[in-house]
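Worksheet: one structure, shown below.
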Amino acid sequence: MWIAKLAAVVLYTAIIGSLAIASVLIAPRGGLILRLARVWCRWVSATAGVRYRVRGADRIDWSRNYLILSNHQSQFDIPALVHAIPLDFRMVAKRNLFLIPVFGWALWLAGFVGINRSDRRQAFRRLDRAAERVRRGASVIVFAEGTRSRDGSLLPFKKGPFVLAIRSGV
84 MWIAKLAAVV
94 LYTAIIGSLA
104 IASVLIAPRG
114 GLILRLARVW
124 CRWVSATAGV
134 RYRVRGADRI
144 DWSRNYLILS
154 NHQSQFDIPA
164 LVHAIPLDFR
174 MVAKRNLFLI
184 PVFGWALWLA
194 GFVGINRSDR
204 RQAFRRLDRA
214 AERVRRGASV
224 IVFAEGTRSR
234 DGSLLPFKKG
244 PFVLAIRSGV
């Protein structure tokens with residue numbers, strides 16, 4: 084059964100990723116890609132049997148932009164955030180994700196920011212790029228731990244998200 088679900092997720096990724104890449108011709112700033120990502124997240128979550136419940140969203144002013152820091156405990160953190168946050172946002176992600184065919188290209192075309200954690204200087208330049216997006220009114224999501232832990236425990240927070248907060252002025 085899990086093989087069929089995995090095959091479905093790969094198929095969803097190929098279809099939505101291809102549409103996302105083509106959508107840049109229609110909406111070059113990546114807004115359509117985010118809408119397609121929302122569809123992808125719904126499909127993947129439904130296939131896996133994951134359901135979400137959002138609490139407290141009525142207390143947030145969705146007309147503003149935000150720098151959103153999240154911890155990263157499972158593969159469903161990203162679909163959960165995409166589901167819960169009705170903003171036009173970009174994410175800071177590890178550079179390796181951008182190397183995945185179709186998926187990575189869609190991330191890049193959508194304006195997500197790739198961080199190469201092994202090159203500190205380049206990583207800080209990329210954080211500057213994300214800070215500029217926040218200053219121009221975009222919301223940006225960053226995983227404070229930088230990655231998931233093997234056992235789901237909370238890892239030490241990286242400096243980058245806090246540098247991003249300072250540089251973006253939030």
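Using my numbering, you'd call the opening residue of the sequence shown number 84 and step up by one each time.
Beta carbons: idealized from backbone N, C-alpha and C, even for Gly.
Values in this document were obtained by computation on a predicted structure and should not be read as measured data.
In this chain, the alpha helix (DSSP H) harbouring R208 covers R203 to R218.
Taking all protein chains in view, the Cβ of V225 is crowded by 16 or more other Cβ atoms within 10 Å, so the residue is classified as buried. Judged by beta-carbon spacing, D171 lies within the 8 Å limit of G114, meaning their Cβ atoms are closer than that value.
Every alpha helix (DSSP H) stretch that sits fully inside the segment 149–174 and reaches 4 residues is listed by chain position as 160–167. When C-beta atoms of the segment 147–156 are compared with those of the segment 213–228, three or more pairs fall below 8 Å, so the two segments count as touching. Within the segment 219–253, the alpha helix (DSSP H) runs of at least 4 residues that lie entirely inside it are, in chain order, 243–251. Taken through DSSP and simplified to helix, strand or coil, I116 comes out as helix. Between the alpha carbons of F245 and I86 lies a distance of about 40 Å. Distance from the Cα of D160 is smallest, within the candidate group D202, I104 and A227, for A227.
Remark: C-beta atoms of S157 and R233 do not approach each other more closely than 8 Å. Residue L117 holds the alpha-carbon nearest to the alpha-carbon of I104 among L117, V93, R218 and V253. One Cα belongs to A129, the other to W123, and the distance between them is close to 10 Å. Residue pairing by DSSP places A176 opposite G197 in a beta bridge. DSSP places G139 outside any alpha helix (DSSP H), giving it a letter other than H or E. By the criterion of a C-beta distance shorter than 7 Å, L190 is surrounded in its chain by A176, L180 and F181, once the five residues flanking it on both sides are discounted. Leaving aside the five residues that flank A206 on each side, the residues in its chain whose CB is nearer than 8 Å to its CB run, in chain order, I198, N199, R200 and G243.
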